[in-house]
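Protein chains in written order, with my numbering: chain B, 189 to 319; chain D, 911 to 1091.
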């Protein structure tokens, strides 16, 4: 495939990949996949949350883990930014602080893949944040 | 914030939390006039006069998780430090318009940054309505619509590798064609 310059190129590429990939069934059952929310308010962005989010997407894809990665607002732990809330299917959300690239690896390998808790969890008695 | 992209990523969330269904981001670079401006229009819930007057106060915020709100004050500070200006207009029920102007050649002007990644991440998170990004330089204009993109990608996931790389390449190529920086 050549360079993608126009929307028509993009459409062509989408049709090419569509045949070989699974559709977005996950969006109909968000509770069955891993959900990753990256804190991206001013504090998060200033601490590099954008790189964290991008890295999460790339790593999860590499590991072939079905996950939905989105942004969320400030969780109130500005000192620990970038913060990430991970919700495994049928589990309560867990918030990790100071999530740099290395931490992303650790979260994916230990928590998401094996369900083992790791350092850096922000001890909370909280439900999900929706703001 | 180190780049204009980071400011955009940040400020657009104000529009999202204001319930906007149409967000317009316009970046204009003009070498002749030596300006670079960022305009964000939304049709969200807007602000009354009192809220508007306090919006750029760092110790004012509409949320309850904390007592500071730095998004707008930081952008204002950056614009004013780079020989520019900052303007915020709003009407309750109608929407808000923000305009930050920078002096293009100013040493303190934050660079555009990786707007392609920024827009891509925004596509993943913002699903409540239309967002249009448009970038004008003396070489031309590039416009990018979320709805158009969503129509093309259809029910394939945006997180799919090929789609992610395709979208990013599409934005990058078009921006470099008009020499956006």
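All C-beta atoms in this analysis are idealised placements derived from N, C-alpha and C, irrespective of residue type, glycine included.
Neighbour-count burial assignment, residue i, 16 or more Cβ in a 10 Å radius
{"i": "residue 250 of chain B", "result": "exposed"}
{"i": "residue 912 of chain D", "result": "exposed"}
{"i": "residue 1084 of chain D", "result": "buried"}
{"i": "residue 1001 of chain D", "result": "exposed"}
{"i": "residue 916 of chain D", "result": "buried"}
{"i": "residue 925 of chain D", "result": "buried"}
{"i": "residue 299 of chain B", "result": "buried"}
{"i": "residue 952 of chain D", "result": "buried"}
{"i": "residue 267 of chain B", "result": "exposed"}
{"i": "residue 1067 of chain D", "result": "buried"}
{"i": "residue 1049 of chain D", "result": "exposed"}
{"i": "residue 969 of chain D", "result": "exposed"}
{"i": "residue 306 of chain B", "result": "exposed"}
{"i": "residue 259 of chain B", "result": "buried"}
{"i": "residue 939 of chain D", "result": "buried"}
{"i": "residue 261 of chain B", "result": "buried"}
Residue i and residue j closer than 8 Å at C-beta
{"i": "residue 944 of chain D", "j": "residue 1041 of chain D", "result": "no"}
{"i": "residue 1029 of chain D", "j": "residue 257 of chain B", "result": "no"}
{"i": "residue 1039 of chain D", "j": "residue 932 of chain D", "result": "yes"}
{"i": "residue 237 of chain B", "j": "residue 226 of chain B", "result": "yes"}
{"i": "residue 959 of chain D", "j": "residue 982 of chain D", "result": "no"}
{"i": "residue 1047 of chain D", "j": "residue 1089 of chain D", "result": "yes"}
{"i": "residue 308 of chain B", "j": "residue 286 of chain B", "result": "yes"}
{"i": "residue 991 of chain D", "j": "residue 1018 of chain D", "result": "yes"}
{"i": "residue 264 of chain B", "j": "residue 975 of chain D", "result": "yes"}
{"i": "residue 311 of chain B", "j": "residue 222 of chain B", "result": "no"}
{"i": "residue 1021 of chain D", "j": "residue 973 of chain D", "result": "no"}
{"i": "residue 201 of chain B", "j": "residue 1031 of chain D", "result": "no"}
{"i": "residue 1012 of chain D", "j": "residue 946 of chain D", "result": "yes"}
{"i": "residue 1005 of chain D", "j": "residue 954 of chain D", "result": "yes"}
{"i": "residue 156 of chain B", "j": "residue 290 of chain B", "result": "Limits of chain B in this structure are 189 at one end and 319 at the other, which puts residue 156 of chain B out of reach."}
{"i": "residue 998 of chain D", "j": "residue 921 of chain D", "result": "no"}
{"i": "residue 295 of chain B", "j": "residue 284 of chain B", "result": "yes"}
{"i": "residue 936 of chain D", "j": "residue 1086 of chain D", "result": "no"}
{"i": "residue 205 of chain B", "j": "residue 1069 of chain D", "result": "no"}
{"i": "residue 1003 of chain D", "j": "residue 956 of chain D", "result": "yes"}
{"i": "residue 1009 of chain D", "j": "residue 961 of chain D", "result": "no"}
Opposing strand residues paired with residue i [DSSP bridges]
{"i": "residue 1045 of chain D", "result": "D/937 and D/1052"}
{"i": "residue 992 of chain D", "result": "In DSSP, residue 992 of chain D forms no bridge with anything."}
{"i": "residue 156 of chain B", "result": "Lying outside 189 to 319, the shown extent of chain B, residue 156 of chain B is not represented and no answer is given."}
{"i": "residue 1007 of chain D", "result": "D/951 and D/999"}
{"i": "residue 260 of chain B", "result": "B/227"}
{"i": "residue 1012 of chain D", "result": "D/946"}
{"i": "residue 1040 of chain D", "result": "D/932"}
{"i": "residue 255 of chain B", "result": "B/222"}
Where the beta strand (DSSP E) containing residue i begins and where it ends
{"i": "residue 1025 of chain D", "result": "Looking at the DSSP string, residue 1025 of chain D is not in any beta strand (DSSP E); the run it does join, the alpha helix (DSSP H), is 1025 to 1035."}
{"i": "residue 227 of chain B", "result": "222 to 227"}
Where the alpha helix (DSSP H) through residue i begins and ends
{"i": "residue 995 of chain D", "result": "Counting along the chain, residue 995 of chain D falls outside any alpha helix (DSSP H), though it belongs to the beta strand (DSSP E) covering 995 to 1001."}
{"i": "residue 230 of chain B", "result": "230 to 234"}
{"i": "residue 1077 of chain D", "result": "1071 to 1087"}
{"i": "residue 298 of chain B", "result": "Premise fails: residue 298 of chain B is in no alpha helix (DSSP H) and is neither H nor E."}
{"i": "residue 916 of chain D", "result": "914 to 927"}
{"i": "residue 857 of chain D", "result": "Any answer about residue 857 of chain D is impossible in this case: the structure gives chain D only from 911 up to 1091."}
{"i": "residue 958 of chain D", "result": "First-last for residue 958 of chain D: undefined, no H or E at that position."}
{"i": "residue 151 of chain B", "result": "What the structure shows of chain B is the stretch from 189 to 319, and residue 151 of chain B is not part of that stretch, so it cannot be assessed."}
{"i": "residue 241 of chain B", "result": "237 to 250"}
Cutoff 8 Å: residue i Cβ touching any chain A Cβ
{"i": "residue 919 of chain D", "result": "Structure shown: chain A not included; protein chains present are B and D."}
Proximity test, residue i beta-carbon vs the ligand ATP heavy atom, cut-off 7 Å
{"i": "residue 244 of chain B", "result": "For the ligand ATP, the structure offers nothing, since it holds no ligand at all."}
**Q.** Inter-stretch contact (C-beta, 8 Å, three-pair minimum) for the stretch 1067 to 1081 of chain D and the stretch 189 to 204 of chain B
**A.** When C-beta atoms of the stretch 1067 to 1081 of chain D are compared with those of the stretch 189 to 204 of chain B, three or more pairs fall below 8 Å, so the two segments count as touching.
Q. Touch check for the stretch 269 to 278 of chain B and the stretch 1054 to 1064 of chain D: three-plus C-beta pairs under 8 Å?
A. The way I'd put it, the stretch 269 to 278 of chain B doesn't touch the stretch 1054 to 1064 of chain D; fewer than three beta-carbon pairs between them come closer than 8 Å.
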